[in-house]
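Worksheet for the structure shown next.
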Amino acid sequence: MAGPAIRGEVAPGWRPVRDAFAAIMRRPGEHGAGLHIVHRGATTVDLYGGSHGPEIRQVIFSASKGVAAACLAVLAERGELDFEAAVARYWPQFGRHGKSHITVAQLLSHQAGLIAPTRPATLAEVLAGRPLADALAGERLRWPPGRPAYHALTWGTLADELVRRITGGRLGEVLTELICRPHDLTISIGTPDGPPPAPLQAAARVPFLTRLATAVLARPGTPLWQAMTVRGAIREAPEVWVSRPQTLTAQLPAANAVATTRSLARLYSMLLPGTGSSLVGGPTLRAAVQRRVAGRDRVLGVASAFGCGFALPSRAWRLGSPSAFGHPGIGGALGLADPRRGLALAFLPRSMPADALNDPRHRLLLEAVAKVIGP
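Position 258, counted from 1, in the sequence shown is what the working numbering calls 464; the numbers after and before it change by one each time, with no gaps.
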């Protein structure tokens, strides 16, 4: 099978990555993808398959959390945010009902136990942001800190409100003003202006065991169901819900960032030390990617690990190297950086994986990268 046509270039020595990308494009059901890699400050891979291209903008689902985490790191670099401070220092109402001791680092590393409000939220509250944030501030901790509990949607609501309390603006505005506009990056939280992003295709075939696990772990009432739907406020499949105009015009920093492949890779490259346009210094980066929590995730059911918003290597997040950080998304998007290897990578496919926590395309690409620059 020939698969979708492949365009773009790879640097000398990076042929194994092109071969892996070509193998992905030959898989049944693939509609196209983009792959961009920066290694030690130089672009080494810039590939596009099928209908994907350099200017294609795509919703990246939970890979949005890595973008949002970069914004929070920039605020920390500017001295406006202290990861070790209590959230209540910036957002006094958050400190109610026994939450006064929760730190910013604990909030951003999915330890706050606020995966959904106790009372059912409405979709309008989720999309508006602040009503859901107010509801979460009025909650008690469901679990004590110390184990991760993946806040699939509410992580972004909480981070957005924290940014609003610090800057007076929304997280998407910080992204635009402090990162994207100065560095000419095509990334946004939602799409308040301009044409809609390219659509995603649902997985053509989901294996029986994956369907069975989803039916058990994500049945109504379970922590995974509550986190993924905000206790039933979201009732459509992700690829359908995220394509709605009301979703695209909202600011959901955990789920609806829109990016091109090149811009996402460049953002991660600018988090690495030693680049001419580094967004943060070494101490801030180390604090942002320091492992704050690890263990069996109360929501995902497998081991996860987090820094301040960034996913870290674990059973849940396969990032290809023990020193990498970043975030994948349920649609198959992946953005990451690896300071030890000087690597920044973005992969945006147009077809969703059957299993969001085990995308074989990620494994294939990361293994090919390891063949070129080492593990």
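Think of the CB as a built atom: it goes at the ideal place given N, C-alpha and C, for glycine as much as any other residue.
Could you tell me the distance, in whole angstroms, from the CA atom of L278 to the CA atom of R450?
Taking the first residue of the sequence shown as 1, we reach residue 278 at position 72. Taking the first residue of the sequence shown as 1, we reach residue 450 at position 244. When rounded, the distance between both Cα atoms is 27 angstroms.
If you draw a straight line from the alpha carbon of K305 to that of G319, how long is it in whole angstroms?
As a position in the sequence shown, residue 305 is number 99, starting the count at 1. As a position in the sequence shown, residue 319 is number 113, starting the count at 1. Going from the Cα of K305 to the Cα of G319 covers about 10 angstroms.
In its own chain, which residues sit with a C-beta less than 6 angstroms from the C-beta of G438, not counting the 5 before and 5 after it?
Along the sequence shown, read from residue 1 onward, the residue named residue 438 stands at position 232. Its chain contains P326 as the residues whose beta carbon lies nearer than 6 angstroms to that of G438, once the 5 sequence neighbours on both sides are disregarded; these appear in chain order.
Sequence-distant residues of the same chain with beta carbon closer than 7 angstroms to G487, five excluded per side
What you label residue 487 is simply residue 281 of the sequence shown in a count that begins at 1. Short of 7 angstroms from the beta carbon of G487, and not among the five residues preceding or following it, lie these beta carbons of its own chain, in chain order: E283.
Evaluate the contact criterion for the stretch 459-476 versus the stretch 528-547: three or more CB pairs, one atom per stretch, below 8 angstroms.
Using a C-beta cut-off of 8 angstroms, the stretch 459-476 makes contact with the stretch 528-547, since at least three inter-stretch Cβ pairs fall below that distance.
With respect to the beta strand (DSSP E) encompassing G396, which residues constitute its N-terminal and C-terminal limits?
Position 190 of the sequence shown, counted from the first residue, corresponds to residue 396. Note, G396: premise wrong, no beta strand (DSSP E); not H, not E.
Take R302 and list the residues in its own chain whose beta-carbon comes closer than 7 angstroms to its own, dropping the five residues that flank it on each side.
As a first step, residue 302 must be located in the sequence shown, where it is residue number 96. Hits under 7 angstroms: A343 and G344.
Could you round the C-beta distance between I536 and A500 to whole angstroms and report it? I think they count as a contact, below 8 angstroms.
Here residue 536 refers to the residue found at position 330 when the sequence shown is read from its first residue. Here residue 500 refers to the residue found at position 294 when the sequence shown is read from its first residue. The Cβ separation is near 21 angstroms, so there is no contact.
Burial state of H533 (16 or more Cβ within 10 Å):
Sequence index remark: in the sequence shown, residue 533 carries index 327 (1-based). Buried, since its Cβ has 16 or more Cβ neighbours within 10 Å.
Would you kindly work out how many angstroms separate the C-alpha atoms of L384 and S268, rounded to a whole number?
In the sequence shown, residue 384 corresponds to position 178, counting from 1. In the sequence shown, residue 268 corresponds to position 62, counting from 1. CA-to-CA, the gap between L384 and S268 works out to about 21 angstroms.
Would you mind reading off the limits of the beta strand (DSSP E) that contains E290?
Translated into the one-based positions of the sequence shown, residue 290 becomes position 84. Per DSSP, E290 belongs to no beta strand (DSSP E) and is neither H nor E.
Does the beta-carbon distance from P459 to I395 come in below 8 angstroms?
Residue 459 sits at position 253 when you count from the first residue of the sequence shown. Residue 395 sits at position 189 when you count from the first residue of the sequence shown. I395 is positioned such that its CB atom lies closer than 8 angstroms to that of P459.
Would you kindly check if the distance between the Cβ of R547 and the Cβ of L518 is under 8 angstroms?
Here residue 518 is taken as the residue at index 312 of the sequence shown, counted from 1. Here residue 547 is taken as the residue at index 341 of the sequence shown, counted from 1. It is not a contact, given that the beta carbons lie outside the stated cut-off.
Minimum C-alpha distance to L506 - residue among I243, S270, A552 and L430
Translated into the one-based positions of the sequence shown, residue 506 becomes position 300. Ranking I243, S270, A552 and L430 by CA distance to the CA of L506 puts L430 first.
What are the residues that DSSP puts in a beta bridge with V216?
Locating residue 216 in the sequence shown gives position 10, counting from the first residue. Residue pairing by DSSP places V216 opposite V251 in a beta bridge.
In terms of DSSP beta bridges, what is V244 paired with?
Stepping through the sequence shown from its first residue, residue 244 is reached at position 38. According to DSSP, which records beta bridges pairwise, V244 is partnered with T249 and A550.
Just reading off the alpha helix (DSSP H) that R492 is part of, what are its end residues?
Position 286 of the sequence shown holds residue 492. G488 to V495 is the span of the alpha helix (DSSP H), which, as asked, contains R492.
Is the distance from the Cβ of C241 to the Cβ of L485 below 8 angstroms?
To locate residue 241, count along the sequence shown from 1; it is residue 35. To locate residue 485, count along the sequence shown from 1; it is residue 279. The sequence as given places Leu at residue 241; Cys does not occur at that position. No; because the gap between Cβ atoms is not below 8 angstroms, this pair is not in contact.
How close, in whole Å, do the beta carbons of I372 and E286 come, if the pair is a contact with beta carbons under 8 angstroms?
As a working mapping, residue 372 is identified with position 166 in the sequence shown. As a working mapping, residue 286 is identified with position 80 in the sequence shown. 5 angstroms between Cβ atoms; contact.
Buried or exposed for S257, please, with buried defined as at least 16 other CB atoms from any protein chain shown within 10 angstroms of its CB.
The sequence position of residue 257 within the sequence shown is 51, counting from 1. Burial check for S257: the Cβ neighbour count within 10 Å stays below 16, so the residue is exposed.
Alpha carbon of V216 to alpha carbon of A339, nearest angstrom:
Counting from 1 along the sequence shown, the entry for residue 216 is found at position 10. Counting from 1 along the sequence shown, the entry for residue 339 is found at position 133. V216 and A339: Cα-Cα distance of roughly 45 angstroms.
Would you kindly work out how many angstroms separate the C-alpha atoms of H307 and V293, rounded to a whole number?
Locating residue 307 in the sequence shown gives position 101, where the first residue counts as 1. Locating residue 293 in the sequence shown gives position 87, where the first residue counts as 1. Answer to the nearest angstrom: the Cα atoms are 8 angstroms apart.
As assigned by DSSP and simplified to three states, the class of H568
One-based indexing of the sequence shown puts residue 568 at position 362. Residue state for H568 is assigned as helix, using DSSP reduced to three classes.
Can you tell me which of the three DSSP states S475 falls into?
For the purposes of this step, residue 475 is taken as the residue at position 269 of the sequence shown. Helix at S475.
Rounded Cβ spacing between L314 and G515 (contact assumed at less than 8 angstroms):
The residue labelled residue 314 in the question sits at position 108 within the sequence shown. The residue labelled residue 515 in the question sits at position 309 within the sequence shown. Their Cβ separation, rounded to whole angstroms, is 5 angstroms, which keeps L314 and G515 in contact under 8 angstroms.
Considering only the alpha carbon of each residue, which of T481, G580, A509 and S483 lies closest to S529?
Sequence index remark: in the sequence shown, residue 529 carries index 323 (1-based). The shortest Cα separation from S529 among T481, G580, A509 and S483 belongs to G580.
What alpha helix (DSSP H) runs, 4 residues minimum, are completely inside the stretch 442-471?
You should have 444-447 and 451-454.
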